[in-house]
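Scroll down for the structure; my scribbles are underneath it.
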Amino acid sequence: MTRDPKTIIDSKSNADMFMDMAKELESNSEEQEPSIKTVRVNHQPKISDQGPTLGPKYLDALSVMTGLANIRSIEVELPILKCKVEVTPLTSEEEMVLKSASVSPSTFLEKLDEIIYEHTVFHDNRVKNYGEFLEELYPPDKSFLIWALLNSSYLILPTMEATCKKCSTKYIVDSTPEELLHSDTISELWPHAAPPRDYIETEILFDNNMTFTLGMPSELVRVKALNLMKASEINSNVEENNDTFSYIDNLVVLTREIRIIKQSGEEIVLRDLEQDIYPFLRNLQPKVIDVIRNQLNLDLFEEYMPNFYLDTNCTKCKTKNEIQLNPEIAFFRKALFI
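So for the sequence shown, numbering that gives the first Met the number 0 puts the first residue at 0; every next one is plus one.
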(Lines of atoms letter the chains of each structure in order from A and count residues from 1; the text may use other names and numbers.)
(Lines give C-alpha, C1' and ligand atoms only; values in the text may rest on other atoms or scores of the structure.)
Protein backbone atom coordinates (compact mmCIF):
# COMPACT_ATOMS: atom_id res chain seq x y z
CA MET A 1 0.00 0.00 0.00
CA THR A 2 1.71 3.15 -1.17
CA ARG A 3 0.60 6.43 0.30
CA ASP A 4 0.86 9.52 -1.85
CA PRO A 5 1.88 12.64 0.08
CA LYS A 6 -1.12 14.94 0.55
CA THR A 7 0.77 18.17 1.00
CA ILE A 8 4.21 19.63 1.28
CA ILE A 9 5.76 20.09 4.70
CA ASP A 10 8.25 22.94 4.77
CA SER A 11 10.50 22.45 7.77
CA LYS A 12 11.41 25.67 9.57
CA SER A 13 14.67 24.12 10.72
CA ASN A 14 17.78 24.04 8.57
CA ALA A 15 20.55 21.52 8.10
CA ASP A 16 21.93 22.48 11.51
CA MET A 17 18.73 21.29 13.16
CA PHE A 18 20.61 19.28 15.77
CA MET A 19 22.63 22.34 16.93
CA ASP A 20 21.99 25.47 19.05
CA MET A 21 18.64 24.50 20.52
CA ALA A 22 16.75 26.64 23.02
CA LYS A 23 14.50 24.95 25.52
CA GLU A 24 10.86 26.03 25.77
CA LEU A 25 8.55 25.74 28.78
CA GLU A 26 5.15 24.10 28.59
CA SER A 27 2.59 25.48 31.01
CA ASN A 28 -0.63 23.82 29.87
CA SER A 29 -1.39 20.92 32.21
CA GLU A 30 -4.91 20.13 30.98
CA GLU A 31 -5.34 16.39 30.50
CA GLN A 32 -6.18 15.23 26.97
CA GLU A 33 -8.77 12.47 26.40
CA PRO A 34 -6.59 9.61 25.11
CA SER A 35 -7.33 7.68 21.95
CA ILE A 36 -5.32 4.71 23.19
CA LYS A 37 -5.55 3.22 26.66
CA THR A 38 -3.67 5.24 29.27
CA VAL A 39 -2.22 3.97 32.52
CA ARG A 40 -1.31 5.96 35.60
CA VAL A 41 2.44 6.23 35.97
CA ASN A 42 4.18 4.67 38.94
CA HIS A 43 7.49 4.98 37.09
CA GLN A 44 10.27 6.30 39.31
CA PRO A 45 13.00 8.33 37.61
CA LYS A 46 16.37 6.69 37.26
CA ILE A 47 18.93 8.22 39.56
CA SER A 48 22.34 9.04 38.17
CA ASP A 49 25.22 7.30 39.91
CA GLN A 50 27.17 10.56 39.79
CA GLY A 51 24.37 12.79 41.12
CA PRO A 52 23.40 13.60 44.70
CA THR A 53 21.55 11.10 46.85
CA LEU A 54 17.82 11.75 46.62
CA GLY A 55 15.86 11.74 49.84
CA PRO A 56 12.25 10.71 50.39
CA LYS A 57 11.02 14.35 50.24
CA TYR A 58 12.30 14.65 46.67
CA LEU A 59 10.64 11.41 45.64
CA ASP A 60 7.41 12.35 47.41
CA ALA A 61 7.40 15.70 45.60
CA LEU A 62 7.86 13.97 42.24
CA SER A 63 4.99 11.63 43.03
CA VAL A 64 2.69 14.55 43.90
CA MET A 65 3.61 16.47 40.73
CA THR A 66 3.02 13.37 38.62
CA GLY A 67 -0.56 13.33 39.93
CA LEU A 68 -1.12 17.08 39.61
CA ALA A 69 0.09 17.17 36.01
CA ASN A 70 -1.97 14.09 35.06
CA ILE A 71 1.18 12.33 33.85
CA ARG A 72 0.31 9.01 32.25
CA SER A 73 1.86 6.18 30.35
CA ILE A 74 0.47 4.96 27.04
CA GLU A 75 -0.41 1.38 26.10
CA VAL A 76 -0.07 0.46 22.43
CA GLU A 77 -0.16 -2.72 20.37
CA LEU A 78 2.90 -3.36 18.19
CA PRO A 79 1.98 -4.68 14.72
CA ILE A 80 5.15 -6.70 14.16
CA LEU A 81 5.77 -8.19 17.59
CA LYS A 82 1.98 -8.50 17.97
CA CYS A 83 1.97 -7.66 21.66
CA LYS A 84 0.82 -4.80 23.90
CA VAL A 85 3.40 -2.67 25.68
CA GLU A 86 3.29 0.25 28.08
CA VAL A 87 5.41 3.35 27.37
CA THR A 88 6.28 5.70 30.25
CA PRO A 89 7.17 9.43 29.97
CA LEU A 90 10.60 11.00 29.61
CA THR A 91 12.27 12.90 32.43
CA SER A 92 13.98 16.29 32.12
CA GLU A 93 17.32 14.62 32.81
CA GLU A 94 16.81 12.31 29.83
CA GLU A 95 15.98 15.31 27.64
CA MET A 96 19.31 16.84 28.59
CA VAL A 97 21.09 13.57 27.76
CA LEU A 98 19.49 13.61 24.30
CA LYS A 99 20.42 17.24 23.81
CA SER A 100 24.04 16.49 24.71
CA ALA A 101 24.08 13.60 22.23
CA SER A 102 22.59 15.70 19.43
CA VAL A 103 25.97 16.95 18.15
CA SER A 104 26.14 13.56 16.41
CA PRO A 105 22.82 12.46 14.83
CA SER A 106 23.82 8.79 14.86
CA THR A 107 24.74 9.05 18.57
CA PHE A 108 21.43 10.78 19.24
CA LEU A 109 19.52 7.98 17.51
CA GLU A 110 21.38 5.32 19.46
CA LYS A 111 20.70 7.16 22.72
CA LEU A 112 17.03 7.48 21.72
CA ASP A 113 16.88 3.71 21.19
CA GLU A 114 18.26 3.19 24.71
CA ILE A 115 15.66 5.54 26.17
CA ILE A 116 12.82 3.88 24.24
CA TYR A 117 13.95 0.53 25.62
CA GLU A 118 14.11 1.86 29.19
CA HIS A 119 10.60 3.32 28.90
CA THR A 120 8.94 0.32 27.26
CA VAL A 121 7.36 -2.29 29.53
CA PHE A 122 6.87 -5.71 27.92
CA HIS A 123 4.32 -7.39 30.18
CA ASP A 124 4.87 -10.82 28.62
CA ASN A 125 8.68 -10.66 28.98
CA ARG A 126 8.88 -10.78 25.17
CA VAL A 127 12.17 -8.84 25.08
CA LYS A 128 14.70 -9.68 27.76
CA ASN A 129 17.59 -7.24 27.15
CA TYR A 130 18.67 -4.25 25.07
CA GLY A 131 20.53 -6.31 22.46
CA GLU A 132 17.45 -8.44 21.88
CA PHE A 133 15.35 -5.27 21.73
CA LEU A 134 17.43 -3.93 18.79
CA GLU A 135 17.22 -7.27 16.99
CA GLU A 136 13.43 -7.54 17.46
CA LEU A 137 12.50 -3.89 16.84
CA TYR A 138 11.29 -3.09 13.29
CA PRO A 139 10.23 0.28 11.79
CA PRO A 140 6.43 -0.11 12.28
CA ASP A 141 6.84 -0.98 15.96
CA LYS A 142 9.40 1.77 16.52
CA SER A 143 7.05 4.32 14.97
CA PHE A 144 4.32 3.37 17.46
CA LEU A 145 6.76 3.43 20.40
CA ILE A 146 8.01 6.92 19.51
CA TRP A 147 4.45 8.17 19.11
CA ALA A 148 3.60 6.75 22.56
CA LEU A 149 6.71 8.39 24.03
CA LEU A 150 5.66 11.72 22.48
CA ASN A 151 2.10 11.35 23.74
CA SER A 152 3.10 10.42 27.28
CA SER A 153 5.79 13.10 27.55
CA TYR A 154 4.45 16.22 25.78
CA LEU A 155 1.24 18.19 25.49
CA ILE A 156 2.05 19.80 22.13
CA LEU A 157 4.19 19.11 19.06
CA PRO A 158 6.59 21.60 17.46
CA THR A 159 4.94 24.21 15.24
CA MET A 160 5.08 23.26 11.56
CA GLU A 161 4.66 25.20 8.35
CA ALA A 162 2.46 23.59 5.69
CA THR A 163 1.69 24.47 2.07
CA CYS A 164 -1.87 24.21 0.78
CA LYS A 165 -2.25 21.72 -2.07
CA LYS A 166 -4.83 23.98 -3.78
CA CYS A 167 -3.68 27.60 -3.46
CA SER A 168 -0.04 27.05 -2.31
CA THR A 169 -0.54 29.29 0.70
CA LYS A 170 1.88 28.61 3.52
CA TYR A 171 0.33 28.43 6.97
CA ILE A 172 1.30 27.48 10.53
CA VAL A 173 0.09 24.23 12.09
CA ASP A 174 -0.09 23.60 15.83
CA SER A 175 -1.03 20.15 17.08
CA THR A 176 -0.89 17.60 19.86
CA PRO A 177 0.48 14.03 19.65
CA GLU A 178 -3.04 12.60 20.02
CA GLU A 179 -4.16 14.49 16.91
CA LEU A 180 -1.81 12.30 14.84
CA LEU A 181 -3.93 9.24 15.62
CA HIS A 182 -6.94 8.39 13.42
CA SER A 183 -9.15 5.40 12.70
CA ASP A 184 -6.94 4.48 9.72
CA THR A 185 -3.63 5.00 11.53
CA ILE A 186 -3.38 1.45 12.78
CA SER A 187 -1.40 -0.67 10.35
CA GLU A 188 -1.74 -4.31 9.34
CA LEU A 189 -0.49 -6.90 11.80
CA TRP A 190 2.43 -9.05 10.65
CA PRO A 191 0.65 -12.09 9.14
CA HIS A 192 3.54 -14.54 8.83
CA ALA A 193 4.52 -17.20 11.34
CA ALA A 194 8.21 -16.42 10.77
CA PRO A 195 9.53 -13.09 12.10
CA PRO A 196 10.58 -10.39 9.59
CA ARG A 197 14.24 -11.40 9.78
CA ASP A 198 13.28 -14.75 8.18
CA TYR A 199 10.99 -13.28 5.52
CA ILE A 200 12.46 -12.04 2.22
CA GLU A 201 11.36 -10.80 -1.19
CA THR A 202 13.38 -11.18 -4.39
CA GLU A 203 13.50 -8.58 -7.18
CA ILE A 204 15.24 -9.22 -10.52
CA LEU A 205 16.66 -6.31 -12.54
CA PHE A 206 18.74 -5.62 -15.66
CA ASP A 207 17.41 -8.54 -17.72
CA ASN A 208 18.04 -11.14 -15.02
CA ASN A 209 21.64 -10.00 -14.50
CA MET A 210 21.05 -8.43 -11.09
CA THR A 211 19.01 -9.82 -8.19
CA PHE A 212 18.10 -8.02 -4.97
CA THR A 213 16.99 -9.97 -1.91
CA LEU A 214 15.09 -7.59 0.38
CA GLY A 215 13.83 -7.84 3.94
CA MET A 216 12.41 -5.57 6.62
CA PRO A 217 15.37 -4.08 8.52
CA SER A 218 15.65 -4.41 12.27
CA GLU A 219 16.78 -1.45 14.35
CA LEU A 220 20.17 -3.14 14.71
CA VAL A 221 20.65 -2.98 10.92
CA ARG A 222 19.47 0.65 10.82
CA VAL A 223 21.96 1.63 13.54
CA LYS A 224 24.80 -0.01 11.58
CA ALA A 225 23.88 2.04 8.50
CA LEU A 226 23.54 5.28 10.48
CA ASN A 227 27.03 4.80 11.92
CA LEU A 228 28.39 4.71 8.36
CA MET A 229 26.77 8.03 7.44
CA LYS A 230 28.06 11.55 7.99
CA ALA A 231 26.17 13.86 10.34
CA SER A 232 25.62 16.34 7.50
CA GLU A 233 23.98 13.58 5.41
CA ILE A 234 21.51 12.69 8.15
CA ASN A 235 20.71 16.36 8.74
CA SER A 236 20.14 16.86 5.01
CA ASN A 237 17.85 13.81 4.83
CA VAL A 238 15.74 15.13 7.70
CA GLU A 239 15.53 18.55 6.08
CA GLU A 240 14.80 17.39 2.53
CA ASN A 241 13.01 14.04 2.98
CA ASN A 242 11.49 14.34 6.47
CA ASP A 243 13.32 11.08 7.20
CA THR A 244 16.72 10.06 8.53
CA PHE A 245 17.39 8.00 5.38
CA SER A 246 17.52 8.91 1.70
CA TYR A 247 16.27 6.55 -1.04
CA ILE A 248 19.69 4.88 -1.33
CA ASP A 249 20.06 4.65 2.45
CA ASN A 250 16.68 2.92 2.66
CA LEU A 251 17.76 0.55 -0.11
CA VAL A 252 20.93 -0.23 1.87
CA VAL A 253 19.05 -1.28 5.02
CA LEU A 254 16.40 -3.22 3.08
CA THR A 255 18.96 -5.24 1.12
CA ARG A 256 19.95 -8.65 2.47
CA GLU A 257 21.84 -9.74 -0.65
CA ILE A 258 22.79 -8.58 -4.15
CA ARG A 259 23.75 -11.02 -6.91
CA ILE A 260 25.32 -9.79 -10.15
CA ILE A 261 26.14 -12.01 -13.13
CA LYS A 262 29.25 -11.06 -15.12
CA GLN A 263 29.53 -11.57 -18.88
CA SER A 264 31.66 -14.64 -18.20
CA GLY A 265 28.80 -16.16 -16.25
CA GLU A 266 30.60 -15.75 -12.94
CA GLU A 267 28.37 -14.58 -10.09
CA ILE A 268 29.28 -11.85 -7.61
CA VAL A 269 27.43 -12.07 -4.29
CA LEU A 270 27.29 -9.13 -1.85
CA ARG A 271 25.96 -9.82 1.66
CA ASP A 272 27.94 -7.79 4.19
CA LEU A 273 26.20 -4.45 4.80
CA GLU A 274 29.25 -2.50 5.97
CA GLN A 275 31.89 -3.99 3.68
CA ASP A 276 29.91 -4.64 0.48
CA ILE A 277 26.30 -3.45 0.20
CA TYR A 278 26.76 0.06 1.61
CA PRO A 279 29.84 1.07 -0.44
CA PHE A 280 28.47 -0.60 -3.59
CA LEU A 281 25.10 1.18 -3.56
CA ARG A 282 26.52 4.51 -2.42
CA ASN A 283 29.01 4.60 -5.29
CA LEU A 284 26.65 3.73 -8.15
CA GLN A 285 26.26 6.25 -10.99
CA PRO A 286 23.03 8.32 -10.98
CA LYS A 287 21.85 6.67 -14.23
CA VAL A 288 22.09 3.20 -12.65
CA ILE A 289 20.26 4.43 -9.55
CA ASP A 290 17.47 5.77 -11.78
CA VAL A 291 17.06 2.33 -13.36
CA ILE A 292 16.97 0.66 -9.93
CA ARG A 293 14.45 3.23 -8.68
CA ASN A 294 12.19 2.54 -11.68
CA GLN A 295 12.40 -1.26 -11.43
CA LEU A 296 12.74 -1.98 -7.71
CA ASN A 297 9.77 -1.83 -5.36
CA LEU A 298 10.78 -0.51 -1.94
CA ASP A 299 7.20 -0.38 -0.65
CA LEU A 300 7.10 -4.10 0.06
CA PHE A 301 6.41 -3.58 3.76
CA GLU A 302 4.51 -0.28 3.56
CA GLU A 303 1.20 -1.80 4.64
CA TYR A 304 2.66 -2.50 8.09
CA MET A 305 3.70 1.13 8.70
CA PRO A 306 1.28 3.22 10.80
CA ASN A 307 -0.23 6.22 9.04
CA PHE A 308 0.23 9.19 11.37
CA TYR A 309 -1.12 12.45 9.97
CA LEU A 310 -2.79 15.77 10.78
CA ASP A 311 -6.03 17.10 9.32
CA THR A 312 -5.59 20.83 8.72
CA ASN A 313 -7.45 23.59 6.89
CA CYS A 314 -5.77 26.24 4.77
CA THR A 315 -6.06 29.63 6.44
CA LYS A 316 -6.79 31.28 3.09
CA CYS A 317 -9.02 29.01 0.97
CA LYS A 318 -10.12 26.64 3.78
CA THR A 319 -9.13 23.58 1.75
CA LYS A 320 -8.61 20.48 3.88
CA ASN A 321 -4.98 19.31 3.80
CA GLU A 322 -3.81 16.00 5.22
CA ILE A 323 -0.24 16.31 6.48
CA GLN A 324 1.59 13.04 6.99
CA LEU A 325 4.07 13.14 9.84
CA ASN A 326 6.96 10.92 10.86
CA PRO A 327 6.86 10.50 14.68
CA GLU A 328 10.64 10.04 14.80
CA ILE A 329 11.23 13.43 13.16
CA ALA A 330 8.54 15.03 15.33
CA PHE A 331 10.35 13.63 18.36
CA PHE A 332 13.67 15.14 17.20
CA ARG A 333 12.12 18.56 16.96
CA LYS A 334 10.18 18.30 20.20
CA ALA A 335 12.78 16.66 22.43
CA LEU A 336 15.51 18.90 21.05
CA PHE A 337 13.35 22.05 20.86
CA ILE A 338 14.03 22.67 17.16
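We treat Cβ as the ideally placed atom computed from N, Cα and C, and that holds for glycine.
Note that this is a predicted model, so its numbers are computed, not measured.
No Cβ-Cβ contact shorter than 9 Å links E94 with V86. The beta-carbon separation of S186 and P305, rounded to 5 Å, stays under the 8 Å limit for a contact.
Apart from the 5 residues on each side of it in sequence, Y277 sits with its Cβ closer than 6 Å to the Cβ of L227 and V251 in its chain, given in chain order. Comparing alpha carbon positions, the residue from V222, A161, K223 and Y170 closest to N241 is A161. Counting only runs of at least 3 residues, the stretch 135-198 fully encloses the following beta strand (DSSP E) elements, listed from N- to C-terminal order: 159-162 and 169-172.
Its chain contains I199, T201, R255 and E256 as the residues whose beta carbon lies nearer than 6 Å to that of T212, once the 5 sequence neighbours on both sides are disregarded; these appear in chain order. V268: member of the beta strand (DSSP E) spanning E266 to L269, first to last residue. Looking only at E178, L156 and E218, the smallest Cα-Cα distance to Y308 is reached by E178. Take the alpha-carbon of K319 and the one of H181: they are about 15 Å apart. Here the alpha carbon of E117 sits roughly 12 Å from the alpha carbon of K127.
Secondary structure at R125: coil, using DSSP grouped into helix, strand and coil. When beta bridges are read from the DSSP output, I115 appears opposite no residue.
Of all alpha-carbon atoms in C313, V222 and Q294, the one lying nearest the alpha-carbon of K110 is that of V222. Membership of M215 in any alpha helix (DSSP H) is not indicated, and neither H nor E is assigned to it by DSSP. Among the bridge pairs identified by DSSP, L309 is matched with I322. The shortest CA-to-CA distance from V268 to any of F205, S103 and M209 is the one to M209.
Apart from sequence neighbours up to five positions away, the residues of its chain that approach I203 with a beta-carbon distance below 6 Å are T210, ordered along the chain.
DSSP, read as helix, strand or coil, puts V102 in coil.
L188 counts as exposed, since fewer than 16 other beta carbons sit within 10 angstroms of its beta carbon. Around the beta-carbon of A192, fewer than 16 other beta-carbon atoms lie within 10 Å, marking it exposed. Around the beta carbon of N150, 16 or more other beta carbons lie within 10 angstroms, which makes this residue buried.
Cβ atoms of P195 and I79 come within 8 Å of each other, at about 6 Å. Q294 and Y303 have their C-alpha atoms roughly 22 Å apart. M228 sits in coil when the DSSP states are folded into three classes, being neither helix nor strand.
Pairing L225 with E134 gives a Cβ-Cβ distance that is not under 9 Å. Considering only F300, Y153 and D310, the residue with the shortest C-alpha distance to P190 is F300. Excluding five sequence positions before and after K315, the CB atoms of its chain that fall closer than 8 Å to its own CB belong to C163, C166, T168 and Y170, given in chain order. A direct Cα-to-Cα measurement between W146 and P176 gives close to 7 Å. K229 and N312 have their C-alpha atoms some 38 Å from each other. Around the beta carbon of D271, a 10 Å sphere encloses fewer than 16 other beta carbons of the protein chains shown; the residue is thus reported as exposed. Exposure of S231 is indicated by the presence of fewer than 16 other C-beta atoms within 10 angstroms of its C-beta. Looking at S105, K81 and E92, the one whose alpha-carbon comes closest to that of N234 is S105. In this chain, K315 is not harboured by any alpha helix (DSSP H), its DSSP state being neither H nor E.
In this chain, K81 is not harboured by any beta strand (DSSP E), its DSSP state being neither H nor E.
The residue from S142, S103, D298 and V120 with its alpha-carbon nearest to that of L324 is S142. For F300, the three-state secondary structure derived from DSSP is coil.
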